[in-house]
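Enquirer:
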Amino acid sequence: MRVTTLAVLAPVPVWLVADPPLGHRLRIADGEQTLDIGAVPVAVAALLASFSGWGLPAALERFGVRRARAIWTGVAGVVLAVSFLPFVGDGMDGGTRASLALTHLVAAVLTRGLGGRFPGAGSRCR
Numbered sequence: 023m024r025v026t027t028l029a030v031l032a033p034v035p036v037w038l039v040a041d042p043p044l045g046h047r048l049r050i051a052d053g054e055q056t057l058d059i060g061a062v063p064v065a066v067a068a069l070l071a072s073f074s075g076w077g078l079p080a081a082l083e084r085f086g087v088r089r090a091r092a093i094w095t096g097v098a099g100v101v102l103a104v105s106f107l108p109f110v111g112d113g114m115d116g117g118t119r120a121s122l123a124l125t126h127l128v129a130a131v132l133t134r135g136l137g138g139r140f141p142g143a144g145s146r147c148r
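All residue numbers for the sequence shown refer to my numbering, where the first residue is 23 and numbers rise by one.
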């Protein structure tokens, strides 16, 4: 559970440094609509990612999947790679792009921290 807590809290300092002190509002523009990204959405997105990263190993363990650790690590890597795809498009400046990319590295914290550990029993998958 410590890894999940860390993963939720890790992106918030990135937002705290980028948004208030540096005065760089994290915004994504899509045509005429603009989305301001605040600390709460950053923390909620990290929480959802954390629960997903924590729940997949538990589900794999529950169903007795062989090579579950390799599957979990592969899925985590693919999800991390796909999470960076929106940064290649238009709609955000370089500062927003860099700040959000840092917050997406929370997946790296989860991947390293959980490392295939199955949360319910505290065992490792084989």
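Backbone N, C-alpha and C fix where the C-beta goes; we use that ideal spot for every residue, glycine too.
Of the choices 135, 38, 26, whose alpha-carbon is the least far from that of residue 95?
Expert: Stepping through the sequence shown from its first residue, residue 95 is reached at position 73. Among 135, 38, 26, the Cα nearest to that of residue 95 is on 135.
Enquirer: For the beta strand (DSSP E) that residue 51 lies in, which residues bound it at each end?
Expert: Sequence index remark: in the sequence shown, residue 51 carries index 29 (1-based). Residue 51 -> beta strand (DSSP E) spans 49-52.
Enquirer: Name the residue from 60, 27, 29, 75 whose alpha carbon lies nearest to the alpha carbon of residue 97.
Expert: By 1-based counting over the sequence shown, the position of residue 97 is 75. Here the closest residue by C-alpha is 75.
Enquirer: Quick check: the segment 70-89 against the segment 38-56, are there 3 or more CB pairs under 8 angstroms?
Expert: Short answer: they don't touch.
Enquirer: Taking only the alpha-carbon atoms, compute the straight-line gap between residue 40 and residue 66 and give it to the nearest angstrom.
Expert: As a working mapping, residue 40 is identified with position 18 in the sequence shown. As a working mapping, residue 66 is identified with position 44 in the sequence shown. Their Cα atoms are separated by approximately 18 angstroms.
Enquirer: Which of helix, strand or coil does DSSP assign to residue 107?
Expert: Taking the sequence shown and counting its residues from 1, the one referred to as residue 107 is at position 85. If DSSP states are grouped into helix, strand and coil, residue 107 belongs with the helices.
Enquirer: Identify the continuous beta strand (DSSP E) that holds residue 57 and give its terminal residues.
Expert: Translated into the one-based positions of the sequence shown, residue 57 becomes position 35. It spans 55-58 - the beta strand (DSSP E) in which residue 57 sits, taken as one unbroken run.
Enquirer: Using the C-alpha atoms, what's the distance from residue 82 back to residue 125?
Expert: As a first step, residue 125 is located in the sequence shown; it is residue number 103 there, counting from the start. As a first step, residue 82 is located in the sequence shown; it is residue number 60 there, counting from the start. Taking the straight line joining both Cα atoms gives about 27 angstroms.
Enquirer: Starting from the C-beta of residue 145, find all residues in its chain whose C-beta is less than 6 angstroms away, skip the five residues before and the five after it, and write them out in chain order.
Expert: Numbered from its first residue, the sequence shown carries residue 145 at position 123. Confidence in residue 145 is poor, its pLDDT being 47 and thus under 50, which makes the residue's placement too unreliable to answer from.
Enquirer: I believe residue 36 touches residue 61 by the beta-carbon criterion, under 8 angstroms. Please report the beta-carbon distance rounded to the nearest angstrom.
Expert: For this step, residue 36 is matched to residue 14 along the sequence shown. For this step, residue 61 is matched to residue 39 along the sequence shown. 10 angstroms between Cβ atoms; not a contact.
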